[in-house]
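Here's the structure we're looking at; comments come further down.
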Amino acid sequence: MSQTGGARIYEVRAESEKGGVHAFGSRRTRAEAEDLMRESIDRVTKARGGNQRYWIEEIDTTGLFEFPSKPTPRERYTTRVTTTNKPNTWQTVHVDVLDGDATVASYDRNYSMLQTFEPFRQGDRIFALISTDYTDTAVMDLHTGEIIAAEQPHGNGFCPVGFYVPDWWDLHDGSTLPGSMYWRTADDEWPSGDFGFVWGCVWGDDSSWKVQYLDLSEVSDGVIKRDDRFGYLKLATDSKLVPRDFISCSSWEGERRVEFYVERGYNLTTGAPIPDEDW
Numbered sequence: 009m010s011q012t013g014g015a016r017i018y019e020v021r022a023e024s025e026k027g028g029v030h031a032f033g034s035r036r037t038r039a040e041a042e043d044l045m046r047e048s049i050d051r052v053t054k055a056r057g058g059n060q061r062y063w064i065e066e067i068d069t070t071g072l073f074e075f076p077s078k079p080t081p082r083e084r085y086t087t088r089v090t091t092t093n094k095p096n097t098w099q100t101v102h103v104d105v106l107d108g109d110a111t112v113a114s115y116d117r118n119y120s121m122l123q124t125f126e127p128f129r130q131g132d133r134i135f136a137l138i139s140t141d142y143t144d145t146a147v148m149d150l151h152t153g154e155i156i157a158a159e160q161p162h163g164n165g166f167c168p169v170g171f172y173v174p175d176w177w178d179l180h181d182g183s184t185l186p187g188s189m190y191w192r193t194a195d196d197e198w199p200s201g202d203f204g205f206v207w208g209c210v211w212g213d214d215s216s217w218k219v220q221y222l223d224l225s226e227v228s229d230g231v232i233k234r235d236d237r238f239g240y241l242k243l244a245t246d247s248k249l250v251p252r253d254f255i256s257c258s259s260w261e262g263e264r265r266v267e268f269y270v271e272r273g274y275n276l277t278t279g280a281p282i283p284d285e286d287w
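What the sequence shown shows, in my numbering, is residues 9 to 287, in sequence order.
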């Protein structure tokens, strides 16, 4: 999403004694920038520093990146889950998707809910990762309530327990403005909702959760891809935690990275790591 014509930001800049130019931050209005400049000069003076000059740079941001709206899809959409199975039988549920108090979509799942609902956005479109079958991952369009992409269920397949699609606001706080001196396009305009993560287990495996990668770049065309590029990782998660507690994404100069909190066992006597298959 880009900003409309006439958009401006105002950045407080300074030139050092050696001629280098640096910035103290930017604001949406000139009045706010003037306040920031006074505060910045005061801080430098108290620290016994100095600059040759200070000024406010007016920057036209027309056509530049615009922060995604709030609330985020994850904050906006919730679920109402109703158990549908008879007592002492395999649990199944009916799921209503809520936008505030309004039901915007519904679906049935042939297993307990777990953490298998993750709303996300791609531009102006709002989707959700869901799982109707205990061995499939699917994408629902929350504007229409239709499932637009889905894996084929497989009796011995990967069983989703939870999903995570990093939202732009998960990585950024909005303090650096597009067009400012320290805005990094390759990093600060990412992520955009074209990838995510699923954790769960292969049917019949142990009770730990493995994490896999989801390629969501073609969901509008009905395609969702999953792979195990991270190998056999045991994710350290819990239903009381939110995904950002154990999955952290970052970007620097266009290099994308992810950090997982994982389970790892060790021999208490020797300190040697215990192979995952023996733990």
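Each residue gets a CB set at the ideal place from its N, CA and C atoms; glycine is no exception.
Proximity below 8 Å, CB of residue i to CB of residue j
i           : j           : result
residue 123 : residue 169 : yes
residue 120 : residue 103 : no
residue 145 : residue 241 : no
residue 201 : residue 75  : no
residue 106 : residue 80  : no
residue 149 : residue 156 : yes
residue 238 : residue 219 : yes
residue 125 : residue 136 : yes
residue 32  : residue 48  : yes
residue 291 : residue 184 : Residue 291 lies beyond the range of the chain shown here (9 to 287); nothing can be said about it.
residue 61  : residue 23  : yes
residue 193 : residue 165 : no
residue 254 : residue 269 : yes
residue 78  : residue 177 : yes
residue 35  : residue 66  : no
Distance between beta carbons of residue j and residue i, contact taken as under 8 Å
i           : j           : result
residue 317 : residue 186 : With the chain represented from 9 up to 287, any question about residue 317 goes unanswered, as that position is not in the structure.
residue 205 : residue 172 : 5 Å
Among the options, nearest to residue i - alpha-carbon criterion
i           : options            : result
residue 21  : 196, 115, 255, 64  : 64
residue 39  : 30, 28, 18, 257    : 18
residue 115 : 91, 134, 16, 133   : 91
residue 228 : 265, 27, 263, 147  : 147
residue 246 : 273, 215, 177      : 215
residue 167 : 208, 54, 177, 159  : 208
residue 158 : 108, 179, 231      : 231
residue 84  : 112, 226, 16       : 112
residue 257 : 284, 248, 249, 199 : 199
residue 151 : 162, 132, 117, 248 : 132
residue 319 : 93, 99, 117        : There is simply no residue 319 to check, as the chain begins at 9 and stops at 287 in what is shown.
residue 213 : 57, 284, 180       : 284
residue 57  : 25, 44, 82, 41     : 25
Residue environment, residue i, which counts as buried when at least 16 other CB atoms sit within 10 Å
i           : result
residue 260 : exposed
residue 141 : buried
residue 175 : buried
residue 129 : buried
residue 154 : exposed
residue 243 : buried
residue 29  : exposed
residue 251 : buried
residue 267 : exposed
residue 127 : buried
residue 188 : buried
residue 224 : buried
residue 134 : buried
residue 289 : Nothing in the structure corresponds to residue 289, since the chain is present only between 9 and 287.
residue 41  : buried
Bridge partner(s) assigned by DSSP for residue i
i           : result
residue 136 : 127, 148
residue 63  : 21
residue 263 : 260
residue 305 : Nothing can be reported for residue 305: it is not among the residues displayed for the chain, which extend from 9 to 287.
residue 243 : 217, 270
residue 255 : 268
residue 100 : Beta-bridge pairing links residue 100 to no other residue.
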